[in-house]
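K.L.:
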Amino acid sequence: MLLKTTDGGLSWTALTSGTTAALRALALLDALTAFAAGDGGVLLKTTNGGTSWTALTSGTAAALRALRFVDAQTGFAAGDGGTILKTSNGGTSWAALSSGTAATLRALAFVDAQTGYAAGDNGTILKTTNGGTSWSTQTTGVHGALHSLAFPLGGLHGTAVGEGGLVLRTTNGGTSWTQESSGTSETLLGVTLPADWTMGVAVGASGTVVRRIPPWEPSILYDTEVASLAPPTIIPSAVMSQRVAFTGNNSGWLYALSPTARVPRYSPARLADAVQGRSPVGPLPGESFQTLYAATASGLGYALNASTGALRWTTDGNSGLAGNQPLGTALVAAPVVSPTRNLAFFATRNLTGAQNRLFAFDAKTGACRWVLNGSCAGATDTLNLGQISGSPIHDATARKLFLTSTSLSGGATVWAVDAGDATPGTVSWSRNLGDSDASPTLAETTRTSLYVGTNSGRLHRVRTADGVSCWSTTGSGCTSFGGSEQAFCTATDALGTACAAGSAIASGVVVLWSGTHTGRLLFATADGHLRLLNADGTLVWKTTTPIPGASLPLAIPERDSLFVGATDGKLRELSLTTGAVLSTQTVGPGTAAVGSPTYDTRAAMLYVGTSTGVLYRYNLSP
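Just so you know, the sequence shown maps onto residues 136 to 757 in my numbering.
(1) Between the alpha carbons of Gly700 and Thr653, how many angstroms are there, rounded?
(2) Mapping the DSSP letters down to three states, classify Thr609 as helix, strand or coil.
(3) Measuring alpha carbon to alpha carbon, tell me which residue in Asp703, Pro415, Ser542 is nearest Ser746.
(4) By how many angstroms is the C-alpha of Gly513 removed from the C-alpha of Trp550?
(5) Any idea if Leu486 is buried or exposed, counting beta-carbon neighbours within 10 angstroms, 16 or more meaning buried?
(6) Could you compute how far the alpha carbon of Gln411 sits from the alpha carbon of Thr195?
(7) Please report the residue range of the beta strand (DSSP E) in which Glu708 lies.
(8) Take the Cβ of Arg346 as the centre, count every other Cβ of all protein chains shown within 10 Å, and call the residue buried at 16 or more, exposed below.
(9) Tell me, which residues are paired with Arg203 by DSSP?
(10) Considering only the beta carbon of each residue, do Leu79 and Trp388 sit closer than 8 Å?
(11) Under a Cβ-count criterion, where at least 16 other Cβ atoms within 10 Å of its own Cβ denotes burial, should Phe494 be classed as buried or exposed?
(12) In terms of residue numbering, what span does the beta strand (DSSP E) encompassing Gly436 cover?
(13) Give every residue of the same chain whose Cβ lies closer than 8 Å to the Cβ of Ala248, excluding the five residues on either side of it in the sequence, and list them in chain order.
(14) Closest by CA to Ile348, which one among Pro367, Ala166, Ser718, Ala396?
(15) Let me confirm a value: His278 is counted as buried when at least 16 other C-beta atoms fall within 10 Å, else exposed. Which label applies?
(16) For Leu667 and Arg447, I'd like the C-alpha separation in whole angstroms.
(17) Can you check the segment 609 to 680 for any beta strand (DSSP E) of at least 3 residues that lies completely inside it and give the ranges in chain order?
(18) How many angstroms separate the CA atom of Arg593 from the CA atom of Leu466?
(19) Using three-state DSSP, classify Asp497 as helix, strand or coil.
(20) By a C-beta neighbour count over all protein chains shown, 10 Å radius and 16 as the cutoff for buried, is Trp648 buried or exposed?
(21) In terms of alpha-carbon separation, which member of Ser320, Val552, Leu657 lies closest to Val344?
(22) Per DSSP, what are the beta-bridge partners of Phe537 in this structure?
(23) Taking only the alpha-carbon atoms, compute the straight-line gap between Asn754 and Leu356 and give it to the nearest angstrom.
(24) Which whole runs of the beta strand (DSSP E) in the segment 243 to 270 are 3 residues long or more, in chain order?
(25) Could you have a look at Gly325 and say whether DSSP puts it in helix, strand or coil?
(26) What's the C-alpha gap between Gly643 and Gly444?
(27) Note down, in chain order, each residue of its chain lying with its Cβ closer than 6 Å to the Cβ of Val338, except the 5 sequence neighbours on either side.
(28) Would you check if the distance between the CB atom of Arg241 and the CB atom of Ala212 is smaller than 8 Å?
(29) Rounded to whole angstroms, what is the Cα-Cα separation between His256 and Ala295?
(30) With a cut-off of 8 Å on the beta carbons, I'd call Thr368 and Val416 a contact; round off their distance for me.
(31) From Ile528, Pro559, Leu520, pick the residue whose C-alpha is nearest to that of Cys511; which is it?
(32) Contact check, Lys139 vs Thr148 under 8 Å by CB: the rounded distance?
(33) At what residues does the beta strand (DSSP E) containing Met740 begin and finish?
(34) Is it true that the CB of Tyr742 sits closer than 8 Å to the CB of Ala380?
(35) Can the beta-carbon of Ser234 be found closer than 8 Å to that of Leu261?
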């Protein structure tokens with residue numbers, strides 16, 4: 136029997152199928168085109184919304200229990216005796232495939248035209264990566280019949296359900312499957328994961344309906360189940376229901392989460408690769424919504440409507456192409472946006488020895504405006520610009536852009552770039568102060584100087600006007616500079632004109648703009664130590680004990696404290712005044728590295744992600 140509804144399920148009308156065989160599977164391609172399959176190898180097709188059905192030649196007498204179409208031409212059917220059929224011409228003809236099993240197959244799921252799964256009796260799960268030409272058996276560790284499969288967003292995360300309330304999940308494309316408790320012993324016949332792979336609903340015998348509720352502790356905001364340490368981005372609001380937390384993971388999904396309901400505000404946005412750095416978000420002039428910008432490890436950048444998740448544009452390194460072009464090998468630095476100039480900047484991190492570029496795009500349209508070390512036509516210039524790992528900074532008033540890099544063939548590592556209208560993308564000055572993977576930071580509100588940390592453990596205070604390293608033992612700014620160039624040396628914790636190599640400055644410098652520590656600067660080094668310095672380069676304190684894999688620290692001056700994540704699975708709060716550890720929070724089970732936290736000032740909430748893809752939320756209210 137076939138039934139059809141045209142009013143959202145309020146009423147159903149029986150259709151004339153032309154067969155008396157039991158029909159066990161249905162696949163809808165659009166409002167008019169559908170396929171049905173059942174006992175005796177029956178295959179039917181309609182092209183008029185079910186008004187009439189045409190019998191197709193399947194070439195088998197085996198009962199067919201599952202149907203899946205990848206596109207209008209390519210489809211698969213599966214059933215008894217390990218039968219798998221494939222059509223490449225919209226059902227006109229079907230070819231038998233070798234499944235390698237005699238088990239009855241009851242479910243099919245395809246990620247794309249090449250990658251698919253079949254499941255059935257005796258805990259059987261098969262996988263193909265070549266469009267069904269060959270199938271490999273997955274190890275499930277169970278023997279019950281599996282009736283339904285779901286791979287909702289990609290090839291890594293899947294769920295299978297079946298006999299006796301059986302639920303299996305994979306997070307690695309079927310390499311391993313883990314059994315979960317469904318809370319029922321009834322056979323589950325269908326499963327759907329409508330928005331993502333962490334939530335889902337399964338239905339089965341005796342009217343059973345079960346919902347997957349991840350075993351979250353109160354501090355967990357969301358579990359993406361994919362490793363990610365990129366700091367989350369917050370849209371703060373006095374109204375909790377309007378607050379949004381954005382987090383990306385290493386599979387290229389970008390989530391917009393509600394801090395109250397712990398569910399996505401909309402389906403996750405699919406990006407090309409792992410999201411890098413803290414994605415900037417904010418409104419552009421003349422627009423009522425906010426735009427979020429993201430960089431990925433595959434060299435693609437994105438601009439998305441933060442309210443809906445809709446794609447606004449993707450980066451294009453060649454204005455003659457139609458977008459979606461990688462800018463380089465990878466984008467490691469988070470993008471930088473200038474709303475007043477309507478510009479979005481993306482910097483590349485190509486392989487060692489390769490030229491790198493910095494792109495300026497129209498923040499609204501994605502049109503290429505200019506390129507440092509190249510052109511919008513796609514060419515790369517001869518400027519020896521090394522790998523850019525830290526986000527640049529933009530001075531919209533002076534119309535200058537400052538960035539750091541590694542040295543390429545003896546080239547500079549600190550760059551001042553004209554970001555104005557007359558000669559955009561030209562170098563105002565450059566210096567080789569040593570390889571740097573850390574972002575530069577403006578040292579004061581007057582934007583007279585900036586801090587640059589190097590991989591050899593030197594911290595420079597550089598004049599924005601000419602690039603002179605302008606620390607001074609007699610003053611706090613560049614105006615009193617009058618002697619040899621100096622750097623703060625992590626090897627000696629003092630200023631010096633000649634520094635021995637010390638621990639690399641692993642994070643960008645955090646400048647404190649309020650409270651009793653205004654003007655001071657905070658940073659972490661690769662050996663796990665944190666330091667607070669006065670603006671004149673004198674050490675205030677250094678942590679007595681290193682923090683394993685210390686993240687970029689987050690300072691909250693009104694609490695007189697800072698927070699830092701670590702690779703030992705802990706989040707620590709330190710005193711801004713002394714550097715002493717005030718508290719230590721084990722994040723979740725404490726087995727995953729903890730990234731750099733983000734603070735929502737309106738809600739007094741702290742957000743932090745881990746290397747297992749869990750986003751945690753902590754309430755800092757007294």
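Just so you know, even glycine gets a beta-carbon here, dropped at the ideal spot from N, CA and C.
Since the model is a prediction, treat every value here as computed from it, not as a measurement.
P.N.:
The structure says:
(1) Taking the sequence shown and counting its residues from 1, the one referred to as residue 700 is at position 565. Taking the sequence shown and counting its residues from 1, the one referred to as residue 653 is at position 518. One C-alpha to the other measures close to 23 Å.
(2) Taking the first residue of the sequence shown as position 1, residue 609 is located at position 474. Its pLDDT being 47, under 50, Thr609 is placed unreliably by the model, and nothing is read from it.
(3) Here residue 746 refers to the residue found at position 611 of the sequence shown. Ranking Asp703, Pro415, Ser542 by CA distance to the CA of Ser746 puts Asp703 first.
(4) In the sequence shown, residue 550 corresponds to position 415, counting from 1. In the sequence shown, residue 513 corresponds to position 378, counting from 1. A straight line joining the alpha-carbon of Trp550 with that of Gly513 spans about 22 Å.
(5) The sequence position of residue 486 within the sequence shown is 351, counting from 1. Here Leu486 is exposed: its Cβ has fewer than 16 other Cβ atoms, across all protein chains shown, within 10 Å.
(6) As a first step, residue 411 must be located in the sequence shown, where it is residue number 276. As a first step, residue 195 must be located in the sequence shown, where it is residue number 60. In this structure, the alpha-carbon of Gln411 lies about 51 Å from that of Thr195.
(7) What you label residue 708 is simply residue 573 of the sequence shown in a count that begins at 1. In the DSSP annotation of this structure, the continuous segment of the beta strand (DSSP E) that includes Glu708 starts and ends at 705 to 710.
(8) The count along the sequence shown starts at 1 and reaches residue 346 at position 211. Answer is exposed; the Cβ neighbour count stays below 16.
(9) For the purposes of this step, residue 203 is taken as residue 68 along the sequence shown, with counting starting at 1. DSSP output for Arg203 lists Phe211 as bridge partner(s).
(10) With the chain covering only 136 through 757, there is no way to say anything about residue 79.
(11) The residue given as residue 494 occupies position 359 in the sequence shown. Around the Cβ of Phe494, a 10 Å sphere holds 16 or more other Cβ atoms; the residue is buried.
(12) Taking the sequence shown and counting its residues from 1, one reaches residue 436 at position 301. Counting along the chain, the beta strand (DSSP E) containing Gly436 begins and ends at 436 to 440.
(13) Mapped onto the sequence shown, residue 248 falls at position 113. Around Ala248: Val205, Asp206, Thr209, Gly266.
(14) Position 213 of the sequence shown, counting from 1, holds the residue named residue 348. Of Pro367, Ala166, Ser718, Ala396, the residue nearest in Cα terms is Ala396.
(15) To locate residue 278, count along the sequence shown from 1; it is residue 143. Exposed is the call here.
(16) The sequence position of residue 667 within the sequence shown is 532, counting from 1. The sequence position of residue 447 within the sequence shown is 312, counting from 1. The C-alpha of Leu667 lies about 41 Å from the C-alpha of Arg447.
(17) Segments of the beta strand (DSSP E) lying fully in the segment 609 to 680: 622 to 624, 629 to 631, 656 to 659, 665 to 668, 674 to 677.
(18) Numbered from 1 along the sequence shown, position 458 holds the residue referred to as residue 593. Numbered from 1 along the sequence shown, position 331 holds the residue referred to as residue 466. For Arg593 and Leu466, the distance between alpha carbons rounds to 25 Å.
(19) Position 362 of the sequence shown, counted from the first residue, corresponds to residue 497. Residue state for Asp497 is assigned as strand, using DSSP reduced to three classes.
(20) The sequence position of residue 648 within the sequence shown is 513, counting from 1. Residue burial annotation: Trp648 is exposed, with fewer than 16 other C-beta atoms found within 10 angstroms of its C-beta.
(21) The sequence position of residue 344 within the sequence shown is 209, counting from 1. Of Ser320, Val552, Leu657, the residue nearest in Cα terms is Ser320.
(22) Taking the first residue of the sequence shown as 1, we reach residue 537 at position 402. Answer is Ile528, Ala551.
(23) Along the sequence shown, read from residue 1 onward, the residue named residue 754 stands at position 619. Along the sequence shown, read from residue 1 onward, the residue named residue 356 stands at position 221. Taking the straight line from one Cα to the other gives about 12 Å.
(24) Runs found: 251 to 255, 260 to 263.
(25) Numbered from its first residue, the sequence shown carries residue 325 at position 190. In the displayed model, Gly325 falls within a strand according to three-state DSSP.
(26) As a first step, residue 643 must be located in the sequence shown, where it is residue number 508. As a first step, residue 444 must be located in the sequence shown, where it is residue number 309. Gly643 and Gly444 have their alpha carbons spaced roughly 29 Å apart.
(27) Here residue 338 refers to the residue found at position 203 when the sequence shown is read from its first residue. Within its own chain, the residues whose Cβ lies closer than 6 Å to the Cβ of Val338, once the five positions on either side in sequence are excluded, are Gly325, Val344, listed in chain order.
(28) As a working mapping, residue 241 is identified with position 106 in the sequence shown. As a working mapping, residue 212 is identified with position 77 in the sequence shown. Cβ atoms of Arg241 and Ala212: not closer than 8 Å.
(29) Here residue 256 corresponds to residue number 121 of the sequence shown, with the count starting at 1. Here residue 295 corresponds to residue number 160 of the sequence shown, with the count starting at 1. According to the sequence as given, residue 256 is Asp; it is not His. A straight-line Cα-Cα distance of about 12 Å links Asp256 and Ala295.
(30) For the purposes of this step, residue 368 is taken as residue 233 along the sequence shown, with counting starting at 1. For the purposes of this step, residue 416 is taken as residue 281 along the sequence shown, with counting starting at 1. At roughly 5 Å, the Cβ-Cβ gap stays under 8 Å, so Thr368 and Val416 are in contact.
(31) As a working note, residue 511 is residue 376 in the sequence shown. Per the Cα distances, Pro559.
(32) Looking up residue 139 in the sequence shown gives position 4. Looking up residue 148 in the sequence shown gives position 13. Correct: roughly 5 Å between the Cβ atoms.
(33) Within the sequence shown, residue 740 is the residue found at index 605, counting from 1. Unbroken beta strand (DSSP E) run through Met740: 740 to 744.
(34) Against the sequence shown, residue 380 aligns to sequence position 245. Against the sequence shown, residue 742 aligns to sequence position 607. Closer than 8 Å, so yes.
(35) As a position in the sequence shown, residue 234 is number 99, starting the count at 1. As a position in the sequence shown, residue 261 is number 126, starting the count at 1. Closer than 8 Å, so yes.
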